[in-house]
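A.B. asks: Numbering (UniProt numbering), first residue to last: 1 to 646. Sharing a structure here in structure tokens format.
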């Protein structure tokens with residue numbers, strides 16, 4: 001039993017508070033000031049960091065969606081949180097630069113790959129316009145989007161990733177229309193292509209050199225740096241690049257030094273070490289006459305998904321203010337020691353900008369319980385002695401023999417299974433043993449919280465009795481990192497948090513894949529295999545939220561089981577509204593017709609094929625004409641419907 005499970009068992013059922021709910025779900029700790037639990041037990045959203053009085057009740061948002069006929073699962077976006085994060089990052093850099101008397105500016109960029117949704121890019125560009133906050137692209141499609149949307153001529157467009165001739169031509173097109181397009185050289189051969197095309201098109205390029213750092217990051221992506229890193233130039237290649245550009249009379253084009261040591265940097269020490277190494281490289285190059293003006297520290301600003309404020313893979317041991325201070329003061333100190341100008345600072349923070357603004361809300365539609373099915377255990381003449389012994393074990397159970405009863409029940413269950421395999425035990429007898437076994441475990445679990453000491457084996461019983469809640473969504477579509485890299489995402493009931501949760505659960509989705517489940521949750525010290533949730537009530541919807549899905553999760557989902565994209569609701573805060581919000585836009589998710597077309601099916605032809613089959617059955621007299629028309633209409637309606645369960 002993990003720590004969260006212990007906490008659930010120890011709290012008396014009559015004593016449950018909002019503070020207890022916070023201790024279990026850690027909403028304030030991972031919420032970064034944007035999420036809280038209201039006194040009514042509902043999740044609240046505080047979308048503006050500078051307007052703490054504006055609070056949105058998520059249950060009211062969901063009720064409005066239900067009244068409008070919007071089907072679940074659905075993505076709910078709070079665009080004010082996006083704007084808040086962009087403003088906070090830029091203001092923190094600006095304030096720290098002013099405090100440190102740093103001579104350079106901050107000119108950040110948002111990496112399009114983190115969330116390519118048009119609405120997200122538009123919101124970020126608009127919120128960042130007064131800070132000259134730009135975009136980063138890592139592919140031709142992303143560059144095409146950046147050229148269209150990053151129209152601020154004072155902001156940067158950083159181009160990373162491997163580049164072919166067309167990619168470079170697009171970049172030079174951007175320079176021709178007076179955009180600050182920085183072409184970052186990831187591979188030495190790209191430089192030769194760039195030089196040739198720049199001369200051909202008569203354009204002075206804006207060149208960045210990416211250095212392959214020796215220092216490594218911390219966490220899942222630490223291999224992004226070091227000698228075996230995928231991107232970047234070695235020190236020797238950096239010097240050769242400078243020499244080549246000198247020979248081509250393009251030294252003045254070298255404006256930026258770039259480095260990146262990994263995404264989701266969990267340990268602030270990695271950032272300190274990277275800043276020190278990069279500042280030394282920068283200083284040496286400037287002293288050699290390279291006219292560098294910018295230092296790009298890459299991405300890596302982490303999100304505390306589990307609220308532990310630690311170096312866990314799903315957390316980080318630093319704040320935004322500490323991150324910014326270490327970068328600004330680190331470069332200032334080392335540049336002053338080397339007597340070189342302070343460079344303008346660029347960062348490519350994406351995860352921290354977008355994670356909080358988006359969540360997936362789904363409805364629990366059923367429960368799978370290991371002891372949910374009962375079978376008559378009435379004694380019959382001639383039954384096997386194992387069944388008799390199991391029944392007597394249940395009859396003799398009391399609060400004095402927990403351990404003995406548990407040990408004997410496990411042994412008898414194993415004996416029953418072996419007897420069945422040998423053909424001397426009937427299905428009915430096996431069903432009786434299993435039924436009594438689960439009843440005993442439930443009886444033991446009901447007394448555990450009364451014990452001052454719980455034996456080690458008995459601690460596993462609540463987990464063995466835990467339920468699987470069936471949720472109407474696809475893990476592969478909406479929480480890809482949870483499945484692919486064991487990312488812990490905060491999962492919390494949207495309401496009833498003022499009630500004690502009585503069930504230990506994992507989540508399973510509606511896909512046909514056994515991997516379609518979430519069994520890693522926020523625990524007190526380590527990752528928990530179950531989460532406390534509430535008993536389902538007949539006739540009452542139970543909604544849960546998967547939070548911090550705005551980075552990568554929004555755009556990485558696949559077409560597994562042809563479920564497709566979710567319905568989306570964009571919520572904007574509005575203090576003059578009685579509910580403090582209004583729904584700005586609804587974006588319909590994928591229909592069955594959409595996803596089939598994506599996979600090269602022709603829905604109209606498919607409907608015609610089914611109609612032909614139904615017509616044949618009508619002609620044979622096996623289906624009545626009126627029923628046939630209804631079946632065809634039903635099939636066509638299904639083609640137009642939402643892919644998820646209703």
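Where a beta carbon is used, it is the ideal one built from N, C-alpha and C, also for glycine.
Am I right that residue 128 and residue 107 are in contact with their C-beta atoms under 8 Å? What's the rounded C-beta distance?
C.D. replies: The residue given as residue 128 occupies position 128 in the chain shown. The residue given as residue 107 occupies position 107 in the chain shown. Not really, about 10 Å apart at Cβ, beyond 8 Å.
A.B. asks: Cα separation between residue 526 and residue 637?
C.D. replies: In the chain shown, counting from the first residue as 1, residue 526 sits at position 526. In the chain shown, counting from the first residue as 1, residue 637 sits at position 637. Computed Cα separation, rounded: 47 Å.
A.B. asks: Can you give me the C-alpha to C-alpha distance between residue 80 and residue 132, rounded to a whole angstrom?
C.D. replies: For the purposes of this step, residue 80 is identified with residue 80 of the chain shown, where counting begins at 1. For the purposes of this step, residue 132 is identified with residue 132 of the chain shown, where counting begins at 1. C-alpha separation (whole angstroms): 19 Å.
A.B. asks: Among the candidates 451, 350, 589, 417, whose CA atom is the shortest distance from the CA of residue 112?
C.D. replies: Numbered from its first residue, the chain shown carries residue 112 at position 112. Among 451, 350, 589, 417, the Cα nearest to that of residue 112 is on 350.
A.B. asks: Select from 55, 140, 203, 454 the residue whose C-alpha is nearest the C-alpha of residue 573.
C.D. replies: In the chain shown, the residue the question calls residue 573 occupies position 573. Of the listed residues, the one whose Cα sits closest to residue 573 is 55.
A.B. asks: Taking the alpha-carbon positions, what's the residue 184 to residue 256 distance?
C.D. replies: What you label residue 184 is simply residue 184 of the chain shown in a count that begins at 1. What you label residue 256 is simply residue 256 of the chain shown in a count that begins at 1. Rounded to the nearest angstrom, the two C-alpha atoms are 8 Å apart.
A.B. asks: Report the rounded CA-to-CA distance for residue 307 versus residue 414, giving the unit in angstroms.
C.D. replies: Numbered from 1 along the chain shown, position 307 holds the residue referred to as residue 307. Numbered from 1 along the chain shown, position 414 holds the residue referred to as residue 414. Spanning the two alpha carbons is a distance of roughly 42 Å.
A.B. asks: Please determine, among 29, 235, 591, the residue with the shortest C-alpha to C-alpha distance to residue 565.
C.D. replies: Your numbering for residue 565 matches position 565 in the chain shown. Selected option, being the one with the closest Cα: 591.
A.B. asks: Please go through the same chain and pick out, in chain order, the residues whose beta-carbon is closer than 7 Å to the beta-carbon of residue 505, but skip the five residues on each side of it.
C.D. replies: Numbered from 1 along the chain shown, position 505 holds the residue referred to as residue 505. 466, 467, 468, 469, 530, 531, 533, listed in sequence order.
A.B. asks: From the DSSP output, which residues share a beta bridge with residue 505?
C.D. replies: The count along the chain shown starts at 1 and reaches residue 505 at position 505. Its beta-bridge partners are 467, 531.
A.B. asks: Check residue 255 in the structure and name its three-state DSSP category.
C.D. replies: The residue you call residue 255 lines up with position 255 of the chain shown. Residue state, collapsed to three classes: strand.
A.B. asks: Could you have a look at residue 591 and say whether DSSP puts it in helix, strand or coil?
C.D. replies: Within the chain shown, numbered from 1, the residue matching residue 591 stands at position 591. Correct three-state label for residue 591: strand.
A.B. asks: Between the Cα of residue 514 and the Cα atoms of 401, 561, 550, which residue gives the shortest distance?
C.D. replies: Translated into positions along the chain shown, residue 514 becomes position 514. Of 401, 561, 550, the residue nearest in Cα terms is 561.
A.B. asks: Have a look at 190, 385, 510 and flag the residue whose alpha-carbon is nearest the alpha-carbon of residue 363.
C.D. replies: Stepping through the chain shown from its first residue, residue 363 is reached at position 363. Nearest option by C-alpha distance: 510.
A.B. asks: Our contact map puts residue 263 next to residue 549 with C-beta atoms below 8 Å; I'd like the distance itself, whole angstroms only.
C.D. replies: Position 263 of the chain shown, counting from 1, holds the residue named residue 263. Position 549 of the chain shown, counting from 1, holds the residue named residue 549. The pair is not a contact, with the Cβ atoms about 16 Å apart (cut-off 8 Å).
A.B. asks: Cα separation between residue 15 and residue 499?
C.D. replies: By one-based count along the chain shown, residue 15 stands at place 15. By one-based count along the chain shown, residue 499 stands at place 499. Computed Cα separation, rounded: 9 Å.
A.B. asks: Please report how far the alpha carbon of residue 552 lies from the alpha carbon of residue 212, in whole angstroms.
C.D. replies: Working through the chain shown from its first residue, we reach residue 552 at position 552. Working through the chain shown from its first residue, we reach residue 212 at position 212. About 25 Å.
A.B. asks: So, does the stretch 168–175 touch the stretch 134–154, judging by three or more C-beta pairs under 8 Å?
C.D. replies: With the cut-off at 8 Å, the stretch 168–175 and the stretch 134–154 touch.
A.B. asks: Could you tell me the distance, in whole angstroms, from the CA atom of residue 275 to the CA atom of residue 331?
C.D. replies: To locate residue 275, count along the chain shown from 1; it is residue 275. To locate residue 331, count along the chain shown from 1; it is residue 331. So the alpha carbons of these two residues sit roughly 7 Å apart.
A.B. asks: Please name the residue or residues paired with residue 573 in a DSSP beta bridge.
C.D. replies: The sequence position of residue 573 within the chain shown is 573, counting from 1. Answer is 581.
A.B. asks: Give the list of continuous alpha helix (DSSP H) stretches no shorter than 4 residues that lie fully inside the UniProt domain "Arginine decarboxylase helical bundle" (383–461).
C.D. replies: Counting whole runs of 4 or more residues, the UniProt domain "Arginine decarboxylase helical bundle" (383–461) contains the alpha helix (DSSP H) stretches 385–395, 402–421, 427–448.
A.B. asks: Only counting runs of 3 or more residues, tell me where the beta strand (DSSP E) segments fall wholly within the stretch 94–180, in order along the chain.
C.D. replies: Counting only runs of 3 or more, we get 109–111, 134–137, 156–159.
A.B. asks: Look at the Cβ atom of residue 315, then the Cβ atom of residue 302, and state whether they are nearer than 9 Å.
C.D. replies: What you label residue 315 is simply residue 315 of the chain shown in a count that begins at 1. What you label residue 302 is simply residue 302 of the chain shown in a count that begins at 1. For residue 315 and residue 302, yes; Cβs fall inside 9 Å.
A.B. asks: Give me the Cβ distance between residue 340 and residue 296, rounded to the nearest whole Å; I'm assuming they're in contact under 8 Å.
C.D. replies: Along the chain shown, read from residue 1 onward, the residue named residue 340 stands at position 340. Along the chain shown, read from residue 1 onward, the residue named residue 296 stands at position 296. Incorrect: roughly 17 Å between the Cβ atoms, too far for contact.
A.B. asks: Using the three-state DSSP reduction, which class does residue 221 fall into: helix, strand or coil?
C.D. replies: On the chain shown, position 221 is the one that residue 221 refers to. Residue confidence for residue 221 is low, a pLDDT of 48 falling below 50, so the modelled location carries little weight; the figure read from the coordinates is stated next. Of the three classes helix, strand and coil, the one that applies to residue 221 here is coil, per DSSP.
A.B. asks: Determine the extent of the beta strand (DSSP E) in which residue 358 is found, giving its start and end residues.
C.D. replies: Taking the first residue of the chain shown as position 1, residue 358 is located at position 358. 358–368 is the span of the beta strand (DSSP E), which, as asked, contains residue 358.
A.B. asks: For the beta strand (DSSP E) containing residue 74, list its first residue and its last residue.
C.D. replies: Against the chain shown, residue 74 aligns to sequence position 74. Counting along the chain, the beta strand (DSSP E) containing residue 74 begins and ends at 74–78.
A.B. asks: Between the alpha carbons of residue 541 and residue 270, how many angstroms are there, rounded?
C.D. replies: To locate residue 541, count along the chain shown from 1; it is residue 541. To locate residue 270, count along the chain shown from 1; it is residue 270. Using only the alpha carbons, I get a separation of about 46 Å.
A.B. asks: Mind checking residue 298: buried by the 16 CB within 10 Å criterion, or exposed?
C.D. replies: The sequence position of residue 298 within the chain shown is 298, counting from 1. Buried is the call here.
A.B. asks: Less than 9 Å between the C-beta atoms of residue 407 and residue 457, yes or no?
C.D. replies: Translated into positions along the chain shown, residue 407 becomes position 407. Translated into positions along the chain shown, residue 457 becomes position 457. Cβ distance < 9 Å, so residue 407 and residue 457 count as in contact.
A.B. asks: Are there any heavy atoms of the ligand ATP lying less than 8 Å away from the beta-carbon of residue 127, as far as the coordinates show?
C.D. replies: As presented, the structure is devoid of all ligands, the ligand ATP included, so that no description of it is given.
A.B. asks: Using CA atoms only, rank isn't needed, just tell me which of 538, 380, 640, 125 is closest to residue 156.
C.D. replies: Looking up residue 156 in the chain shown gives position 156. Per the Cα distances, 125.
A.B. asks: According to DSSP, simplified to helix, strand and coil, what is residue 493?
C.D. replies: Within the chain shown, the letter at position 493 stands for residue 493. Three-state DSSP puts residue 493 in a strand.
A.B. asks: For a test of the three-state rule: what should DSSP assign to residue 567, helix, strand or coil?
C.D. replies: Residue numbering aside, residue 567 sits at position 567 when the chain shown is read from its first letter. Of the three classes helix, strand and coil, the one that applies to residue 567 here is strand, per DSSP.
A.B. asks: Count the other CB atoms, across all protein chains shown, that sit within 10 Å of the CB of residue 162; report buried if there are 16 or more and exposed otherwise.
C.D. replies: Your numbering for residue 162 matches position 162 in the chain shown. Looking at its Cβ environment, which holds fewer than 16 other Cβ atoms inside 10 Å, residue 162 is exposed.
A.B. asks: Using three-state DSSP, classify residue 475 as helix, strand or coil.
C.D. replies: Position 475 of the chain shown, counted from the start, is the residue given in the question as residue 475. Of the three classes helix, strand and coil, the one that applies to residue 475 here is helix, per DSSP.
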